[in-house]
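Reviewing the structure listed below.
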Amino acid sequence: MKRGFTEKDVPDQTGRTVVVTGANTGLGFETARVLSAMGARVLIACRSQQKAEDAIARIEELNGPVDVSYVPLDLGDLASVRRCAKKLQSEARIDVLVNNAGLMVPPYELTKDGFESQFGVNHLGPFALTGLLLDKLADTPSSRVVNTSSVAHNVGKIAFEDINAERSYKASQRYGMSKLANLLFSYELQRRLDAAELPILSVACHPGIASTELSRYMPSILNRATALVQPLLNTAAAGAWPTLCAATSADVEGGDYYGPARRFETAGPAVRVQSNRASRDKRVAERLWNLSIEMTGVDPGI
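Residue numbers (our numbering): 1 to 302.
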């Protein structure tokens, strides 16, 4: 992968089943588009059936006849996560779970289960979904879990003492915290999979700075600033390349992290990159793992 990975490098996916959360738009849509074009059965897991059906129609318009279906999922509602996992258990196989859906700097609100929304949707929901699908993934040879993080993890810190932001809420800090949690979870998951001798790869990725709907809550001044440097940034299609690499490349190893190749990891083909020291703190990762079990009621059993 010396020159970097793009969608042109995605191998044949015939016979594989891939679950992509939030695939109705943005990076998830581009991931579903490419994987279905390469022969995968793709399950779009998101909240809105109408948006999912619109996405499927667009994919079929671009790709022709494909195997893409909708599965209801609201990551901010653990009952919905459980229903989604139960439905997915009926699949013959799950080769890849792509935890892609997320929130970015919304106004303060709580999930249905009472969690700060970014931590709930970006970390706790994917943690629970992954845990509930671990047996199905273990039954599928060479399966993978792909967790989508962000360069924002560099400014994140896990606020264990105020996990639901009841004392203080700064949207950008909480976003960074949730993206740091994604990496802590991804690395800890791989350590535990290795210890349990389960043949599943846990891989993380980030899209660089891509133009997607994820930023719809950002202050207008930041969106205008992003627009000024748009020529230097990734399109949504290119932003999906690290995800596609993590999900399909034969060069991937468990515990890897992929992002864009250009300076500051803003754009370009996907390559293996390094996350910060905080993301590799094993004690913090274990504490987060145990807290996530406590908050979600889902124990992955490893």
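Positions of the beta carbon are idealized from the N, C-alpha and C atoms, including for glycine.
Own chain partners of W241 with C-beta closer than 7 angstroms, once the 5 adjacent residues on each side are dropped
Here the question's residue 241 lines up with position 241 in the sequence shown. Once the five neighbours on either side are set aside, the close Cβ partners of W241 are F5, T6, E7, P269, A270.
Fill in: Own chain residues within Cβ distance below 6 angstroms of F29, not counting five before or after
As a first step, residue 29 must be located in the sequence shown, where it is residue number 29. A23, A55.
**Asked** Could you give the distance in angstroms between the alpha-carbon of A278 and the alpha-carbon of G64?
**Response** For this step, residue 278 is matched to residue 278 along the sequence shown. For this step, residue 64 is matched to residue 64 along the sequence shown. Approximately 44 angstroms between the Cα atoms of the pair.
Note the first and the last residue of the continuous alpha helix (DSSP H) segment covering V284. Indexing the sequence shown from 1 puts residue 284 at position 284. Where V284 is concerned, the enclosing alpha helix (DSSP H) stretches over 282 to 296.
Just checking, does the region 132 to 144 make contact with the region 100 to 118 on the three C-beta pairs under 8 angstroms criterion? Verdict: no, contact absent.
Requested in this report: Count the other C-beta atoms from every protein chain shown that fall within 10 angstroms of the C-beta of V42, then say buried if there are 16 or more, exposed otherwise.
Outcome: In the sequence shown, the residue the question calls residue 42 occupies position 42. Flag for V42 reads buried.
Among V20, T17, G114, L27, the one whose alpha carbon lies nearest that of G208: Residue mapping note: residue 208 aligns to position 208 of the sequence shown, counting from 1. Closest by alpha carbon: L27.
inquiry  = Using a Cβ distance threshold of 8 angstroms, determine whether the region 141 to 159 contacts the region 182 to 202, with at least three qualifying pairs required.
reply    = Taking a cut-off of 8 angstroms for Cβ pairs, the region 141 to 159 and the region 182 to 202 touch, as three or more such pairs fall below it.
>> Is the beta carbon of R16 closer than 8 angstroms to that of A40?
In response: As a working mapping, residue 40 is identified with position 40 in the sequence shown. As a working mapping, residue 16 is identified with position 16 in the sequence shown. A40 is a Cβ neighbour of R16, given a cutoff of 8 angstroms.
| query | Along the chain, which unbroken stretches of the alpha helix (DSSP H) at least 4 residues long are found entirely within the region 29 to 76? | reply | Within the region 29 to 76, the complete alpha helix (DSSP H) runs of at least 4 residues fall at 49 to 63.
A52 vs Y70 beta-carbon contact at 8 angstroms
Here residue 52 corresponds to residue number 52 of the sequence shown, with the count starting at 1. Here residue 70 corresponds to residue number 70 of the sequence shown, with the count starting at 1. Contact: yes.
- prompt: Is L201 closer than 8 angstroms to R144 when the C-beta atoms are compared?
  reply: For the purposes of this step, residue 144 is identified with residue 144 of the sequence shown, where counting begins at 1. For the purposes of this step, residue 201 is identified with residue 201 of the sequence shown, where counting begins at 1. Yes, the pair counts as a contact, with Cβ atoms nearer than the cut-off.
Q.
So, with DSSP's three-state summary, where would you put T148?
A. As a working note, residue 148 is residue 148 in the sequence shown. It is a strand residue.
At which residues does the beta strand (DSSP E) containing T308 begin and terminate? What is shown of the chain runs 1 to 302, which leaves residue 308 out entirely.
At the level of alpha carbons, what is the spacing between A247 and G301? By one-based count along the sequence shown, residue 247 stands at place 247. By one-based count along the sequence shown, residue 301 stands at place 301. Near 24 angstroms, if we compare the C-alpha coordinates of G301 and A247.
Write down every uninterrupted run of the alpha helix (DSSP H) in the region 94 to 154 whose length is 4 residues or greater and which is fully enclosed by it, in chain order.
Fully enclosed alpha helix (DSSP H) runs of 4 or longer: 125 to 138.
Can you tell me whether L198 is helix, strand or coil according to DSSP? Your numbering for residue 198 matches position 198 in the sequence shown. In this structure, L198 counts as coil in the three-state DSSP scheme.
Rounded separation between T25 and D299 - CA only | Taking the first residue of the sequence shown as 1, we reach residue 25 at position 25. Taking the first residue of the sequence shown as 1, we reach residue 299 at position 299. Between T25 and D299, the C-alpha separation is close to 30 angstroms.
Next item on the list: Please go through the same chain and pick out, in chain order, the residues whose beta-carbon is closer than 6 angstroms to the beta-carbon of C245, but skip the five residues on each side of it.
Entry: On the sequence shown, residue 245 is found 245 positions in, with the first residue counted as 1. If we look at C245 and ignore the five residues flanking it on each side, its Cβ neighbours are F5, Y258, A270.
Problem - Distance, P72 Cα to V19 Cα - result: Position 19 of the sequence shown, counted from the first residue, corresponds to residue 19. Position 72 of the sequence shown, counted from the first residue, corresponds to residue 72. Distance between the alpha carbons of V19 and P72: 12 angstroms.
- Rounded to whole angstroms, what's the CA-CA distance from L129 to R82? Just pull it up for me. As a first step, residue 129 must be located in the sequence shown, where it is residue number 129. As a first step, residue 82 must be located in the sequence shown, where it is residue number 82. If you draw a straight line from the Cα of L129 to the Cα of R82, it is about 7 angstroms long.
Cα separation between T140 and P260? In the sequence shown, residue 140 corresponds to position 140, counting from 1. In the sequence shown, residue 260 corresponds to position 260, counting from 1. One C-alpha to the other measures close to 29 angstroms.
Measure from the alpha carbon of V121 to the alpha carbon of each residue in E294, R47, V284, then state which is nearest.
-> Within the sequence shown, residue 121 is the residue found at index 121, counting from 1. Ranking E294, R47, V284 by Cα distance to V121 puts R47 first.
task: Tell me, please, which residues DSSP counts as bridged to Y258.
output: On the sequence shown, residue 258 is found 258 positions in, with the first residue counted as 1. Per DSSP, C205, R272.
- prompt: Which residues does DSSP pair with F5 in a beta bridge?
  reply: Looking up residue 5 in the sequence shown gives position 5. The bridge partners DSSP lists for F5 are A270.
- Task: Taking the CB atoms as reference points, tell me whether I163 and V284 lie closer together than 8 angstroms.
- Result: Position 163 of the sequence shown, counting from 1, holds the residue named residue 163. Position 284 of the sequence shown, counting from 1, holds the residue named residue 284. Taking 8 angstroms as the Cβ cut-off, I163 and V284 do not qualify as a contacting pair.
### Message
I need the straight-line Cα distance from R93 to S142, nearest angstrom please.
### Response
Translated into the one-based positions of the sequence shown, residue 93 becomes position 93. Translated into the one-based positions of the sequence shown, residue 142 becomes position 142. The straight-line gap from Cα to Cα measures roughly 11 angstroms.
| task | State yes or no: is the C-beta of L198 within less than 8 angstroms of the C-beta of A250? | result | Mapped onto the sequence shown, residue 198 falls at position 198. Mapped onto the sequence shown, residue 250 falls at position 250. No, the Cβ-Cβ distance between L198 and A250 is not below 8 angstroms.
Q | Environment of L62 [buried if 16+ CB atoms lie within 10 Å] | A | Position 62 of the sequence shown, counted from the start, is the residue given in the question as residue 62. By the 10 Å Cβ count, L62 comes out exposed.
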